[in-house]
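Below: the structure, in structure tokens.
As structure tokens, then:
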């Protein structure tokens, strides 16, 4: 039995440690893992022969959930492949659906809430029509939301299937065109690789890592921040054996103009996940680090979000960090005047300001 207090990150680094916990420690770690979307990931890395009692019930539930999710995503990809068969250009799977289609190790136990697709912008209208004809419908019917997504975002409003309830996010880039960083979608698409035995493509190894880094450390995706970081760490491990992967990753980040998000991703993969690969990559990123004062502030705020907290008691400092990072993400997405109009509109829609 473990006596010293341990963290969820300790368990992620050594999953069998979970079987040595008991009482309040076990309850705390299970709640944190479930809240972070990582219980299935841990379950897939624990020997079931060494699990008993209530822990066995929790892990069995996580396994059943993950298996069902895997089947659901696989079936949805088949339906999407049929619906999008007339597409003239590549259709690229992103994130969880891509990891499952590639059968990467990180897909074991990982849950995917929807299917993310990337297509050339010229094919976006056709892809939308094909999906609407095949039973998907817009989740956001509000006129402002439709305008916001179509004019300013890198994706269309989410589409939900009218019978199965599954959700598709249809992208034409990985960041809004108004964002301060402007990775060229055409470069991502031209480097995409076909998935064996599938009509879909996937991002190149380097671009897969960079997409996750941008999503977490620039785009303000905070809800599953630790899981996102684990994704990045697992992708680094999965692709480490590719020829000159580390050098290609750093070089590609420079080409796409996303070296700063990669810097933060590598920093925390090294600090929190103890990744030797990240430590090796870090040597090529020193020149991309921000200036000292802002670097320390951003690292502190991000650390507050990445380190798991009690789901019921997040703490005031953690909430402040989350709000500041949320504002930072919007500041980086939009020019000041556009951001001000958007925030005022959002406040009015929530009843905070009465017009006139």
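In our numbering, the protein residues as written are 2 to 357. Cβ coordinates follow ideal geometry from the N, Cα and C atoms, glycine included.
Every alpha helix (DSSP H) stretch that sits fully inside the segment 235-297 and reaches 4 residues is listed by chain position as 246-257, 260-272, 277-283.
Taking residue 144 as reference, the option from 158, 262, 171 with the minimal CA-CA separation is 158. Contact check for residue 89 against residue 146 fails: the beta carbons are separated by 9 Å or more.
The alpha-carbon separation between residue 173 and residue 162 amounts to approximately 20 Å. If you check the CB distance, residue 121 and residue 187 come in under 9 Å. DSSP lists 203 as the beta-bridge partner residues of residue 194. Residue pairing by DSSP places residue 153 opposite no residue, since no beta bridge is assigned to it.
Beta bridge pairing from DSSP links residue 138 with 161. The beta carbon of residue 112 sits closer than 8 Å to the beta carbons of 38, 41, 66, 67, 70, 97 from its chain, once the five residues preceding and following it are set aside; these are given in chain order. Contact between the segment 230-245 and the segment 126-139 is absent, with fewer than three C-beta pairs closer than 8 Å. Relative to the Cα of residue 102, the nearest Cα in the group 193, 11, 198 belongs to 198. Cα atoms of residue 139 and residue 160: separation of roughly 5 Å, rounded to the nearest angstrom.
When secondary structure is reduced to three states using DSSP, residue 172 falls in the strand class. Counting along the chain, residue 60 sits inside no beta strand (DSSP E); it lies in the alpha helix (DSSP H) bounded by residues 54-84. Here the alpha carbons of residue 342 and residue 72 stand approximately 42 Å from one another.
The beta-carbon distance between residue 175 and residue 155, rounded to whole angstroms, is 6 Å. This is short enough to meet the 8 Å contact definition. Out of 234, 299, 49, 281, the CA that lies nearest to the CA of residue 105 is found in 234. Within the model, the alpha-carbon separation for residue 210 versus residue 114 is close to 19 Å.
In this structure, residue 190 places its C-beta atom within 9 Å of the C-beta atom of residue 93. In the same chain as residue 171, and ignoring 5 residues on each side of it, the C-beta atoms closer than 8 Å to its own belong to 118, 120, 125, 128, 129, 132, 156, 157, 160, in chain order. In the DSSP secondary-structure assignment, residue 116 is bridged to 169. With fewer than three CB-CB distances shorter than 8 Å, the segment 277-289 does not count as touching the segment 300-310. It is roughly 10 Å from the alpha-carbon of residue 311 to the alpha-carbon of residue 34.
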